[in-house]
Amino acid sequence: MDFPSQVGALMVGLLAIAFTSTWWVVIRAAMNKERTNRSREEAPQPRGGLPLIGHLHLLRNTVGGAPLPRTLAAMADRYGPVFLLRLGMRRALVVSSCGAASQCFSGANDRALASRPACAAAEHMGYRYAMFGFAPYGPYWRTVRKLVTVELLSGARVAASEHVRSSEVTASIRELYELWARSEGRRGGNPVVAVDVKQWFKNLSFSIIVRVVAGQKRHRSSSSDEDMVRLKQGIGHFFRLLGGFVASDYVPFLRRVEWGGQEKAMRSVAGDMDGVVAGWVEEHRRRRSAGKPGGDRDLDFMDVLLSAVEGPELADVDADTVVKATALAMMLGGNDTTSVSLTKNLAVLLNNPQVLRRAQEELDLHVGRHRNVQESDVKNLVYLQAVVKETFRLYPTAELSQPHEAMEDCEIAGFHVPAGTRLLTNIWKLQRDPAAWAPDPEEFRPDRFLPGSAHHHVDVKGRHFQLIPFGAGRRMCPGVSFALHVMHLTLARLLHSFELAAAPSAASGPVDMGDALFGPNPLEVALSPRLPPELYRMD
Numbered sequence: 029m030d031f032p033s034q035v036g037a038l039m040v041g042l043l044a045i046a047f048t049s050t051w052w053v054v055i056r057a058a059m060n061k062e063r064t065n066r067s068r069e070e071a072p073q074p075r076g077g078l079p080l081i082g083h084l085h086l087l088r089n090t091v092g093g094a095p096l097p098r099t100l101a102a103m104a105d106r107y108g109p110v111f112l113l114r115l116g117m118r119r120a121l122v123v124s125s126c127g128a129a130s131q132c133f134s135g136a137n138d139r140a141l142a143s144r145p146a147c148a149a150a151e152h153m154g155y156r157y158a159m160f161g162f163a164p165y166g167p168y169w170r171t172v173r174k175l176v177t178v179e180l181l182s183g184a185r186v187a188a189s190e191h192v193r194s195s196e197v198t199a200s201i202r203e204l205y206e207l208w209a210r211s212e213g214r215r216g217g218n219p220v221v222a223v224d225v226k227q228w229f230k231n232l233s234f235s236i237i238v239r240v241v242a243g244q245k246r247h248r249s250s251s252s253d254e255d256m257v258r259l260k261q262g263i264g265h266f267f268r269l270l271g272g273f274v275a276s277d278y279v280p281f282l283r284r285v286e287w288g289g290q291e292k293a294m295r296s297v298a299g300d301m302d303g304v305v306a307g308w309v310e311e312h313r314r315r316r317s318a319g320k321p322g323g324d325r326d327l328d329f330m331d332v333l334l335s336a337v338e339g340p341e342l343a344d345v346d347a348d349t350v351v352k353a354t355a356l357a358m359m360l361g362g363n364d365t366t367s368v369s370l371t372k373n374l375a376v377l378l379n380n381p382q383v384l385r386r387a388q389e390e391l392d393l394h395v396g397r398h399r400n401v402q403e404s405d406v407k408n409l410v411y412l413q414a415v416v417k418e419t420f421r422l423y424p425t426a427e428l429s430q431p432h433e434a435m436e437d438c439e440i441a442g443f444h445v446p447a448g449t450r451l452l453t454n455i456w457k458l459q460r461d462p463a464a465w466a467p468d469p470e471e472f473r474p475d476r477f478l479p480g481s482a483h484h485h486v487d488v489k490g491r492h493f494q495l496i497p498f499g500a501g502r503r504m505c506p507g508v509s510f511a512l513h514v515m516h517l518t519l520a521r522l523l524h525s526f527e528l529a530a531a532p533s534a535a536s537g538p539v540d541m542g543d544a545l546f547g548p549n550p551l552e553v554a555l556s557p558r559l560p561p562e563l564y565r566m567d
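Quick note, the sequence shown lines up with residues 29 to 567 if you use our numbering.
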């Protein structure tokens, strides 16, 4: 059940509590007194807030089933690019413009807003906040963040894993070719085969990140394959639960009430994933004890983590927990972000066949059809890179940022933001800001990023606040470089290797770029080879 529908299921119970709890009158009076005494202006709030639940009821699906970022975008159109919501008993500042985002993620405010709020998902599925993406700002987070950026995701380390990306992409392309070669349609004179590329992207992204992080290869052994299936299922459940609604996250006195079984499910998923990752950590320890860690080329992230955490505990977190939490965080982020982004890129190419043809023409020009694409070719594929940027702009992987929390009072867009306020960045709205992207912010146009255009210098690495699909500031995703390497190579190889079109079995009309793209339905593509057969059989 998604966030808005769960909110609706909870409304009757919370409203009953709201109007029968006599102590709320006292709390409300104290809040009114505090508001009266404030000398600094706060951001505007939407009308219709209710006692106890605040504005939660306004975030239910609107007419037509508008997703949450669209609902918040409509509020921004009415109340301005910076406004305040009361989510239960929590306060959340919603930011929807480039200018406001630049104030949040630079200077003193970047530090003031660098923490994370407490939530059930972080407690139950994030190793009690040891997973650095959930960890509050402090010594532990700073140490692990430095470890990740310097030891695991540095330019040198990303370059060293090129052979993993290349071999996994090559194996997956070969699987598509073999599927086409075995297809009944081909034998019957039909030159194409229909493939669910959404699942193909998921499988490929998972294979790459699990091999880079834990050294696990597909089909290494039956037990290894079982572990990978369990982990893949766990990752799917993780993100479903992460997007769910837990009442106690917004109404703290409901902490002891298990409403809807969400927290029980979180504990179960966490146990399943921990069982797999713990086994891999133990396997690495045995290999290290036997003096067989492998050469530098074969060292995976777990090997590096185990070496880095030897010694005193980090903020009372034991070494095994640090390794498991950090490795799992990287597998979660690397798998989900990459596969979703690749799916959106291909979907938008199917909807814009002229862009698809132009990207393939660029590949033929710079690579030809006598060899396969390599990562070293990507620097010459400026149009393909522009397609990826424009897809990130219009269809960001995460349309809402992960919440931040203010550690101290600060000021955004002239409004006072008290400590404890949560920050939500509406990335979907921000990246369509007419102030940054006029005159055509709603149009898919990769040319805007080509050399000589007004936005050719804009990238996705958090330096330009009009395009922040990976976030910005201290809390931005540290894996942006790794993700871009995977995405560029995968898209380049797929477009270079096959002719692609929407499968005849797919629904007529353009691919739905909304939430339906990520439901259970496949994204079927008709493909046929465009290179000599021997290129698909190369390792």
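Built from N, CA and C at the ideal position, the CB exists for glycine as well.
These figures come from a predicted structure and were not determined experimentally.
Please go through the same chain and pick out, in chain order, the residues whose beta-carbon is closer than 8 angstroms to the beta-carbon of T177, but skip the five residues on each side of it.
-> Sequence index remark: in the sequence shown, residue 177 carries index 149 (1-based). P506.
Contacts around V373, its chain only, beta-carbon distance under 8 angstroms, and the 5 residues preceding and following it disregarded = Against the sequence shown, residue 373 aligns to sequence position 345. For the record, residue 373 in the displayed sequence is Asn; it is not Val. Within the same chain, N373 has close Cβ partners V415, V416, T419, M515, L519.
Are Q131 and A441 close, meaning C-beta to C-beta below 8 angstroms?
-> In the sequence shown, residue 131 corresponds to position 103, counting from 1. In the sequence shown, residue 441 corresponds to position 413, counting from 1. It is a contact, given that the beta carbons lie within the stated cut-off.
Close beta carbons around A529, own chain, < 6 angstroms, minus the five adjacent residues each side | On the sequence shown, position 501 is the one that residue 529 refers to. A554, listed in sequence order.
Flag L555 as yes when its Cβ comes closer than 7 angstroms to any non-hydrogen atom of the ligand ATP, and as no otherwise.
-> No copy of the ligand ATP occurs in the structure displayed, which carries no ligand at all.
Sub-8 angstroms separation of V192 and L259 beta-carbons | The residue you call residue 192 lines up with position 164 of the sequence shown. The residue you call residue 259 lines up with position 231 of the sequence shown. Their beta carbons are not under 8 angstroms apart, which means V192 does not touch L259 by this criterion.
Give the secondary structure of C147 by DSSP, where H, G and I count as helix, E and B as strand, and everything else as coil.
-> Taking the first residue of the sequence shown as position 1, residue 147 is located at position 119. C147: coil per DSSP, three-state reduction.
Which of helix, strand or coil DSSP assigns to I263 = Here residue 263 refers to the residue found at position 235 when the sequence shown is read from its first residue. Helix.
Assign T425 to buried or exposed, taking buried as 16 or more other Cβ atoms, counted over all protein chains shown, within 10 Å of its Cβ.
-> By one-based count along the sequence shown, residue 425 stands at place 397. Flag for T425 reads buried.
Going by alpha carbons, who is nearest to L78 out of R114, R68, G166?
-> By one-based count along the sequence shown, residue 78 stands at place 50. Ranking the options by Cα distance to L78, first place goes to R114.
Would you call Q261 buried or exposed, if buried means 16 or more other Cβ atoms sit within 10 Å of its Cβ?
-> What you label residue 261 is simply residue 233 of the sequence shown in a count that begins at 1. By the neighbour-count rule (16 or more Cβ atoms within 10 Å), Q261 is not buried but exposed.
Along the chain, where does the beta strand (DSSP E) that runs through H191 open and close?
-> Taking the sequence shown and counting its residues from 1, one reaches residue 191 at position 163. H191 -> not in any beta strand (DSSP E); alpha helix (DSSP H) instead, spanning 190-210.
From K407, N379, A375, pick the residue whose C-alpha is nearest to that of E390; which is it?
-> Taking the sequence shown and counting its residues from 1, one reaches residue 390 at position 362. Among K407, N379, A375, the Cα nearest to that of E390 belongs to K407.
N-terminal and C-terminal residue of the beta strand (DSSP E) that H444 is part of = Indexing the sequence shown from 1 puts residue 444 at position 416. Unbroken beta strand (DSSP E) run through H444: 443-445.
T453 - partner residues in DSSP beta bridges = Within the sequence shown, residue 453 is the residue found at index 425, counting from 1. Answer by DSSP bridge pairing, in chain order: V123.
Tell me whether the beta-carbon of A387 lies closer than 8 angstroms to the beta-carbon of Y168.
-> In the sequence shown, the residue the question calls residue 387 occupies position 359. In the sequence shown, the residue the question calls residue 168 occupies position 140. Result no, Cβ atoms of A387 and Y168 do not sit closer than 8 angstroms.
contact_flag[the stretch 199-213, the stretch 336-353] where n(CB pairs < 8 angstroms) is 3 or more | no
From the DSSP output, in three-state form, read off S3 for me.
-> With the chain running from 29 to 567 in the structure shown, residue 3 is simply not present.
Tell me whether the beta-carbon of V401 lies closer than 8 angstroms to the beta-carbon of L478.
-> To locate residue 401, count along the sequence shown from 1; it is residue 373. To locate residue 478, count along the sequence shown from 1; it is residue 450. No.
Do you know offhand how far L175's Cα is from A336's?
-> What you label residue 175 is simply residue 147 of the sequence shown in a count that begins at 1. What you label residue 336 is simply residue 308 of the sequence shown in a count that begins at 1. In a straight line, the C-alpha of L175 is about 8 angstroms away from that of A336.
So what does DSSP say about P95, is it helix, strand or coil?
-> For the purposes of this step, residue 95 is taken as residue 67 along the sequence shown, with counting starting at 1. Reduced to three states, the DSSP call for P95 is coil.
Leaving aside the five residues before and after D328 along the sequence, list all residues of the same chain whose C-beta is less than 7 angstroms from its C-beta, in chain order.
-> Here residue 328 refers to the residue found at position 300 when the sequence shown is read from its first residue. V240, V241, A242, G243, listed in sequence order.
Pair within 8 angstroms by beta-carbon distance, L86 and G76 | Within the sequence shown, the letter at position 58 stands for residue 86. Within the sequence shown, the letter at position 48 stands for residue 76. Cβ atoms of L86 and G76: closer than 8 angstroms.
Quick one: residues in its chain with C-beta nearer than 8 angstroms to the C-beta of S194, no 5 flanking neighbours on either side, listed in chain order?
-> The residue labelled residue 194 in the question sits at position 166 within the sequence shown. Excluding positions up to five away in sequence, the list reads Q402, E403, L517.
Taking the CB atoms as reference points, tell me whether F144 and A163 lie closer together than 8 angstroms.
-> Position 116 of the sequence shown, counted from the first residue, corresponds to residue 144. Position 135 of the sequence shown, counted from the first residue, corresponds to residue 163. The residue asked about is misnamed: residue 144 is Arg in this sequence, not Phe. Contact: yes.
Helix, strand or coil: how does DSSP classify L478 here?
-> Numbered from its first residue, the sequence shown carries residue 478 at position 450. L478: coil per DSSP, three-state reduction.
If you draw a straight line from the C-alpha of L377 to the C-alpha of L384, how long is it?
-> As a first step, residue 377 must be located in the sequence shown, where it is residue number 349. As a first step, residue 384 must be located in the sequence shown, where it is residue number 356. Distance between the alpha carbons of L377 and L384: 5 angstroms.
How big is the Cα-Cα spacing for F546 and P340?
-> Stepping through the sequence shown from its first residue, residue 546 is reached at position 518. Stepping through the sequence shown from its first residue, residue 340 is reached at position 312. Approximately 43 angstroms between the Cα atoms of the pair.
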